[in-house]
Ligand code: SAH
């Protein structure tokens with residue numbers, strides 16, 4: 069079973085995303101174990117502070133290294149971790165191929181940054197990989213960690229009901245998904261393409277592939293290279 073340890077200043081931020089739908093079901097089915105660690109529990113300060121002013125001056129606070137080191141060292145004393153991730157706007161942009169790889173890992177830690185980020189020595193000496201969820205700046209790594217967890221967990225075999233369905237999603241074959249329809253076959257005079265009603269699996273598969281290619285050329289020409 070995969071184990072994800074998330075180190076955060078705001079564990080409650082995960083209540084919503086983790087207690088519904090696919091992630092909730094994956095936890096119930098023992099496909100993944102998710103542990104939230106409140107970084108303040110590792111602070112030696114009597115006010116449980118974990119941040120301080122940067123030496124460089126300028127605005128904003130930085131997360132201090134001691135509580136983070138204490139938390140990560142504690143976790144590492146319990147088991148071996150494949151990867152210790154840090155959420156960072158200058159990290160590797162998350163994409164489907166890397167998420168496919170990460171879904172095979174056993175034990176991972178995700179450290180969520182906050183304020184202006186963490187003391188650089190954390191990144192140098194504890195973090196093994198950094199990821200970004202897009203070229204924009206969030207106020208904290210929590211949403212990024214939730215995005216990562218959602219995208220990884222749905223790839224673990226047996227999590228999605230229909231095992232094939234994760235493989236038929238956009239990006240899995242370097243193409244975006246084809247258009248999809250459900251009943252009714254006609255609404256307001258707008259008809260579902262005839263081929264989908266034909267019951268001919270070969271024709272349907274060809275049509276879907278063709279549509280995927282067409283769509284990828286128009287919407288994501290960058291994927292066609
Ligand atoms: N000073 C930093 C930004 C701090 S934002 C800089 O200029 O790079 C606060 C925290 O939110 C970051 O430390 C990081 O952990 C998280 N974060 C912000 N944007 C993110 C993104 N696009 N992807 C992943 N994590 C992000």
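In the numbering used here, the protein residues as written are 69 to 293.
Don't be surprised by glycine CBs; every beta carbon is placed ideally from N, CA and C.
- Separation of residue 152 and residue 250 (C-alpha to C-alpha, rounded to the nearest whole angstrom) is 42 Å.
- The region 178 to 191 makes contact with the region 152 to 163; the number of CB pairs closer than 8 Å reaches 3 or more.
- Between residue 280 and residue 243, the CB-CB gap stays under 7 Å.
- Annotation for residue 196: 151, 152 place their beta carbon closer than 7 Å to its own, counting only its chain and skipping 5 residues before and after.
- For residue 158, the closest C-alpha among the options 198, 192, 216 is that of 198.
- Distances from the CA of residue 100 to each of 221, 267, 268, 252 were compared; the closest alpha carbon is that of 221.
- Using a cutoff of 6 Å, the CB of residue 125 does not count as near the ligand SAH, since none of the ligand's heavy atoms is closer than that.
- In this structure, residue 118 lies near residue 131, with their beta-carbon atoms less than 7 Å apart.
- Listed in chain order, the alpha helix (DSSP H) elements of length 4 or more contained wholly in the region 111 to 196 are 133 to 146, 164 to 170, 188 to 193.
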